[in-house]
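In the working numbering, the protein residues as written are 1 to 367.
The beta carbon of each residue, even a glycine, is placed where N, CA and C say it ideally should be.
A quick note: this is a predicted structure, and the numbers were derived from the prediction, not measured.
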């Protein structure tokens, strides 16, 4: 019998037949290995959420972000802000579950947290016992799995936080697993979860992104159709290449002419053959960069900074000395000269007046 849905812990209960190899199946997986975080939707475009959300949750998870798999699930609106439910599971767990499914001859199409197999009804919390743990479903897309003590602690928090306390529906093999104060008001039964017939929500599928299942094998007829289409595409492509080859040659010749003309416009007085344009251009650009370095040298900056000092000063330049230490000039009739107007980074300015002569020195600051 080929099954469409079951719990991953139950795969060893089914005998494999010849027709069961690679049978498609959706699997419930242990909820205790999965956490669901509700966060405010990022302001970035939705296509960037898969890249941003792992780092938004980095402080909430214990393992490195690179080792975890993140699946964006249902969304809701709270106080006019969009909220996202993000399921987080270890990549190692997913690979182990896929290995188990493969060993059982299962072609897994979906993996969903098993608390979602519990029935949901507004105003009710559903609980069920599963192999030493309680599965708890608190809403349409939220729930958890935990040992009894922790499960009841979390359930009490949900009851206390609600304006109107929801009812409890509990499936357990022994009523003693239910606290005395909650037992009277709870709907109790001992039914087991029917994993094979519980509706599985595809929106909560953990097999997304890098774990998304590959499409199934193509039938022989589909292979023949695909091969014929491939051959037709190759023939048409070859013909197109032959027809476009001549146009490409004409286009190349036109581009060479444009490149040669453009080179002459950029580097006046220079001409280069098409095959030498790149090397010639690189050499000319290197020369221009060297000229720029010379202009931006500290001494040249100091000389340029003197423009503001000499403009409309009605003075006479007597001497100008420039060396690696700075620039020194002697002026006559320099009463209007205001040395404070000179501000050259990396230099200090000094002024000294002797009779009719004024000495102004831009001295390089030692680093």
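Give me the Cβ distance between residue i and residue j, rounded to the nearest whole Å; I'm assuming they're in contact under 8 Å.
i: residue 364; j: residue 298; result: 6 Å
i: residue 445; j: residue 85; result: Because the chain spans 1 through 367 in this model, residue 445 falls outside it and cannot be assessed.
i: residue 27; j: residue 108; result: 6 Å
i: residue 125; j: residue 166; result: 5 Å
i: residue 168; j: residue 186; result: 4 Å
i: residue 129; j: residue 177; result: 7 Å
i: residue 170; j: residue 127; result: 5 Å
Could you please give the first and the last residue of the uninterrupted alpha helix (DSSP H) stretch that includes residue i?
i: residue 107; result: No alpha helix (DSSP H) contains residue 107, which is instead part of the beta strand (DSSP E) from 106-113.
i: residue 155; result: 148-161
i: residue 364; result: It is not in any alpha helix (DSSP H) - residue 364 instead sits in the beta strand (DSSP E) that spans 357-364.
i: residue 183; result: 180-183
Where does the unbroken beta strand (DSSP E) through residue i begin, and where does it stop?
i: residue 139; result: 133-139
i: residue 280; result: Per DSSP, residue 280 belongs to no beta strand (DSSP E); it is in the alpha helix (DSSP H), 277-295.
i: residue 130; result: 124-130
i: residue 24; result: 23-29
i: residue 164; result: From DSSP, residue 164 is part of no beta strand (DSSP E); its letter is neither H nor E.
i: residue 40; result: 34-40
i: residue 6; result: 5-7
Should residue i go down as buried or exposed, given a rule of 16 or more other Cβ atoms within 10 Å for buried?
i: residue 69; result: buried
i: residue 257; result: exposed
i: residue 143; result: buried
i: residue 6; result: buried
i: residue 13; result: exposed
i: residue 65; result: exposed
i: residue 30; result: buried
i: residue 238; result: exposed
i: residue 214; result: exposed
i: residue 55; result: exposed
i: residue 252; result: exposed
i: residue 349; result: buried
Establish whether the CB of residue i and some CB of chain B are separated by less than 7 Å.
i: residue 52; result: The displayed structure is made up of one protein chain only, and chain B is not part of it.
- Query: Which ranges would you report for the alpha helix (DSSP H) in the segment 54-102 if only whole runs of at least 4 residues count?
  - Reply: None, since the segment 54-102 contains no complete alpha helix (DSSP H) of that length.
- Message: As an exercise, report each continuous beta strand (DSSP E) stretch of at least 3 residues that is fully enclosed by the segment 300-353, in chain order.
- Response: The qualifying runs are 316-323, 326-332.
- How about the segment 60-74 and the segment 91-102: do they share at least three Cβ pairs that are nearer than 8 Å? Touching, yes.
- Task: Could I get the ranges of all uninterrupted beta strand (DSSP E) runs contained in the segment 190-215, with 3 residues as the minimum, in chain order?
- Result: Within the segment 190-215, no run of beta strand (DSSP E) reaches 3 residues while sitting entirely inside it.
- Message: Check whether the segment 155-174 and the segment 122-136 are in contact - that is, three or more C-beta pairs closer than 8 Å.
- Response: Three or more Cβ pairs closer than 8 Å define a contact, and the segment 155-174 meets that threshold against the segment 122-136.
- Item | Touching by the beta-carbon criterion (3+ pairs, under 8 Å), the segment 322-333 and the segment 345-364 | With a cut-off of 8 Å, the segment 345-364 and the segment 322-333 count as touching, because enough Cβ pairs lie within range.
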